Amino acid sequence: MGPGGSDIYTTSFDVAAVSRLSRRPDGALPLESCLSDDGNFGCASTPGAVLEGAAGLALDPEGKDLYVASLSSGSLTQLRRRKDGSLRFAGCVAGLGANGCKKLPVDSLLGASGVAVSSDGKLVVVASQAGTVTSFKRNAKSGKVKFKSCFGDDGKGGCDAPKADSIDQATSVVLKGNDVYVASQGSDSLTRMALGDRGKLEWVSCVAPKVRKCGKVPAGALDGAYAVALRGKNLYVGASQSGALSMFKLPRK
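The sequence shown begins at 64 in my numbering and counts up by one.
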């Protein structure tokens, strides 16, 4: 949702598009504009196949940039938001420089599905279903991102291996201050990481019913953990296999 709640942005996984809807006083949501690979469906065009499997969206705190995690493209795309709420392509990053994007030093965005921006707008974190979590430093003026660090199950993608195998099929991520919370469908887990002063990810802990070195939770609580949301001092995790919605208290500082 854009600043003021007047604009709603949504991804279209199968048609490689991002759409902008305007929110009317009666709650109606008419389509205003869209961006898609190759300009399909009358949308404005991106320069390449950067929105295939578009899955996750995150807006920076000032409402200048919308970031898109695309599963099939294996990329993180920056869309600059105009004053009227419309979007234009501003760049992308991808492992091995796929689809004309800026090349990363690691191949950590395969299956990119979740993305979050820190409250100060300085960091961006992406969760990927290949089993990786990647942090980027963000330039507040240009919105461009620069790779800082990553964790990957068993060292996937050239990333550091975590202390527990709890980010298999990482699907969703939220940030709270310097804390990073990741829901992972393959390992049925909720993982906590921290962001250092320079944006480097640090391992903290995890909970899962069957993963070694993680705290234990009831088997159904995180079976197919797919989505995580933050509300006040609580985290909510939706589990696709068990149909459960679980609540976790945030740790005290």
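All C-beta atoms in this analysis are idealised placements derived from N, C-alpha and C, irrespective of residue type, glycine included.
The structure displayed is predicted, hence computed values, not measured ones.
| Asked | Found |
| --- | --- |
| Looking at the strands, I want to know which residues DSSP matches up with D128. | R143 |
| Which runs of the beta strand (DSSP E), 3 residues or longer, sit entirely within the stretch 132-191? | 138-144, 150-158, 165-167, 175-180, 186-191 |
| Run the CB neighbour count on K211, radius 10 Å, all protein chains shown included, and call it buried at 16 or more, exposed below. | buried |
| What residues match up with R83 in a beta bridge as DSSP calls it? | Y72, S96 |
| Does the stretch 254-264 come within contact of the stretch 186-206, defined as at least 3 CB pairs closer than 8 angstroms? | yes |
| Take L142 and list the residues in its own chain whose beta-carbon comes closer than 8 angstroms to its own, dropping the five residues that flank it on each side. | V81, L98, D128, L129, Y130, V131, L150, R151, F152, A153 |
| Do the stretch 107-126 and the stretch 84-91 meet, that is, are 3 or more Cβ pairs less than 8 angstroms apart? | no |
| Kindly indicate which three-state DSSP category L285 falls into: helix, strand or coil? | helix |
| Would you tell me roughly how many angstroms separate the C-alpha atoms of A203 and G184, rounded to the nearest one? | 7 angstroms |
| Which term fits F214, buried or exposed, when burial requires 16 or more other beta carbons within 10 angstroms of its beta carbon? | buried |
| Within the same chain, show all residues whose beta-carbon is closer than 6 angstroms to that of T216, passing over the 5 residues directly before and after it, in chain order. | The residue asked about is misnamed: residue 216 is Asp in this sequence, not Thr. Once the five neighbours on either side are set aside, the close Cβ partners of D216 are G194, D228, I230, D231. |
| Take the Cβ of G137 as the centre, count every other Cβ of all protein chains shown within 10 Å, and call the residue buried at 16 or more, exposed below. | buried |
| CB-CB under 7 angstroms to G163, same chain, minus the five flanking residues each way: which ones, in chain order? | P110, G111 |
| Counting C-beta neighbours from all protein chains within 10 Å, is the total for S182 16 or more, i.e. buried, or is it exposed? | exposed |
| Do the CB positions of S303 and G283 come within less than 8 angstroms of each other? | no |
| Could you check what DSSP says for G90 in three-state terms: helix, strand or coil? | coil |
| Are V237 and A292 touching if we call contact CB-CB under 8 angstroms? | yes |
| For D231, name the three-state secondary structure that DSSP assigns. | coil |
| Any idea which residues DSSP pairs K209 with across the strands? | K200 |
| Can the beta-carbon of K263 be found closer than 8 angstroms to that of P272? | no |
| Using the three-state DSSP reduction, which class does D217 fall into: helix, strand or coil? | helix |
| Can you give me the C-alpha to C-alpha distance between S75 and L172, rounded to a whole angstrom? | 19 angstroms |
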